[in-house]
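Okay, so here's the structure we're looking at.
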Amino acid sequence: MNIFFFFPLFLILNFIVLVKSLTENLRVSRYSKPGVSTIILKGGYINRQFIGEISIGNPPQPFKVLFDTGSTNLWIPSKNCYAKACYNKKKYDHNISKNYRISSQKNPVNIFFGTGKVQIAYATDDIHLGSIKVRNQEFGIANYMSDDPFSDMQFDGLFGLGISEDIKRKELIYDNIPKNSSRKNIFSIYYPKSVDDNGAITFGGYDKKYIAPNSNIDWFDVSSKKYWTIKMTGIKVNGLFLEVCSGNIGGYCDAVIDTGTSSIAGPKNDLILLTKLLNPVKSCQNKALLKNFSFVFLDENGVEKEYELTSNDYIVNSFKVDPILKTPCNFAFMPINISSPNGYLYILGQVFLQKYYAIFEKDNMRIGLAKSI
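Okay, here's the thing in structure tokens:
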């Protein structure tokens, strides 16, 4: 299954209820270190979505994009997009850029998002990630965007940072960053706990200032060739271990670290059980009565590491709770069964990433996690 086709579905379901206007200009911050570039992320949706600015072309044309580790495509609207959804978007004008080239893949491609879709044609041009320039990068130019859901979206396009098992793919941008421009094939993401603060995505390294004092980085091997996944052995609720992964091959679940998802998604039965254990009194008037829980992961040395979430993390007032959970609380959970070669997937989105700083290291195919500030 192509990850691009099902992860944006989560993005859509959450965005529709979380959208709000961007009120601040996006900025690019450049590190003093050579080969490391940081793009500032602004909150575009109620405490969940964060949007950054890149530039494409020569001279550069700026675009607001959502950075999505759950998809592998970079696309932005074309100046020839006359659909309603394109009206309020910044559009790419290929006539302006000196380095624009039509891709050898000339036929338009439809990319579906649940009930919506975009139609893109591939081209190449220079992509500017702050101080890093990627020359002749392949990307998609959208000539059509469906009204639902894109008319309400405050970003112009999507910046895919996922992985692919197809080694011939040329559009994975971090693979194409010149070696003399970036110290490492690595990027890291920090999401603030409040939309009043800035987030950041760093290409070429990570920034220790986003890591909480006395917090160490745990490293986890990527467990899939298709997605940014790590091995999860179960869930703990106040010390009670739920063996939700014991029946899978190897005794673990694949947990996707996904910046394109607002919530925490997982198997229906597992999240129904988790919800009952977290909130046995069926009241949300006092969040302090709701229990904490932890995801348990296997690190690169085979040691179990626990990552805890409290009610302050997983209760989101703006989130539309799924009725299948039968709870009055605004749990940021999405019960959905998504099959993988190793059982159903867990998707750890921005609810999780606002608590933990994430480092994605492509060269060694591993993910680093640390408690964020």
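Count the sequence shown with mature numbering (1 follows the signal peptide of the UniProt record, and there is no 0) and you get residues -21 to -1, 1 to 352, in order. Glycine included, C-beta positions come from ideal geometry on N, C-alpha and C.
Quiz prompt | Contact check, Asn78 vs Asn37, beta carbons under 8 Å | solution = yes
Self-check item: Cβ-based burial, Glu32 [other Cβ within 10 Å; buried from 16]
Solution: buried
Quiz item: Out of curiosity, what's the CA-to-CA distance linking Ser202 and Asn74?
Solution: 43 Å
Quiz item: Can you name the start and end residues of the alpha helix (DSSP H) that Leu151 belongs to?
Solution: Taken as a continuous stretch (DSSP letters only), Leu151 belongs to no alpha helix (DSSP H), as it is neither H nor E.
Quiz item: Tell me, which residues are paired with Met132 by DSSP?
Solution: None; Met132 has no bridge partner.
Quiz item: Starting from Tyr293 and walking both ways along the alpha helix (DSSP H), at which residues does that stretch end?
Solution: Ser290 to Tyr293
Quiz prompt | 6 Å Cβ shell around Cys263 - same chain, five flanking residues per side excluded | solution = Pro307 and Cys308
Quiz item: Candidates Pro87, Met132 and Ala267: which alpha carbon is nearest Asp292's?
Solution: Ala267
Quiz item: What's the call for Ser83, buried or exposed, on a 16-neighbour Cβ count within 10 Å?
Solution: exposed
Quiz item: Just reading off the alpha helix (DSSP H) that Gln329 is part of, what are its end residues?
Solution: Gln329 to Leu332
Self-check item: Per DSSP, the bridge partner or partners of Glu144
Solution: Looking at the DSSP assignment, Glu144 forms no beta bridge with any residue, so it has no partner.
Quiz item: Grouping DSSP H, G and I as helix and E and B as strand, with all else coil, what is Cys263?
Solution: coil
Quiz item: Shorter than 8 Å from the beta carbon of Met344 to some beta carbon of chain B?
Solution: Among the chains of the structure shown, chain B does not appear; only one protein chain is present.
Practice problem: Might you give, ordered along the chain, the residues of its own chain that have their beta carbon closer than 7 Å to the beta carbon of Asp135, omitting 5 neighbours on each side? | Solution: Phe42, Lys43, Val44, Ile55, Pro56, Lys68 and Lys69
Quiz item: Among residues of its own chain, excluding the 5 on either side of Leu304, which ones have a beta-carbon nearer than 8 Å to its beta-carbon?
Solution: Leu250, Ile251, Thr254, Phe310, Phe312 and Pro314
Self-check item: Which listed residue (Ile152, Ser225, Ile19 and Lys247) has its alpha carbon closest to that of Asp176
Solution: Ile19
Exercise. Give the secondary structure of Cys311 by DSSP, where H, G and I count as helix, E and B as strand, and everything else as coil.
Key: Note that residue 311 is Ala in the sequence shown, not Cys. Here Ala311 sits in coil by DSSP.
Quiz item: With Trp207 and Val235 assumed to form a contact (beta carbons below 8 Å), what rounded beta-carbon distance in angstroms separates them?
Solution: 6 Å
Quiz item: Which one of Ser241, Phe331, Ala62 and Thr94 has the shortest CA to CA distance from Ser273?
Solution: Phe331
Quiz item: Does the beta-carbon of Ser290 have 16 or more other beta-carbons within 10 angstroms, so that it is buried, or is it exposed?
Solution: buried
Practice problem: Could you pull out every unbroken beta strand (DSSP E) segment of at least 3 residues lying fully inside the stretch 69 to 136, listed in chain order? | Solution: 88 to 92, 95 to 108 and 111 to 124
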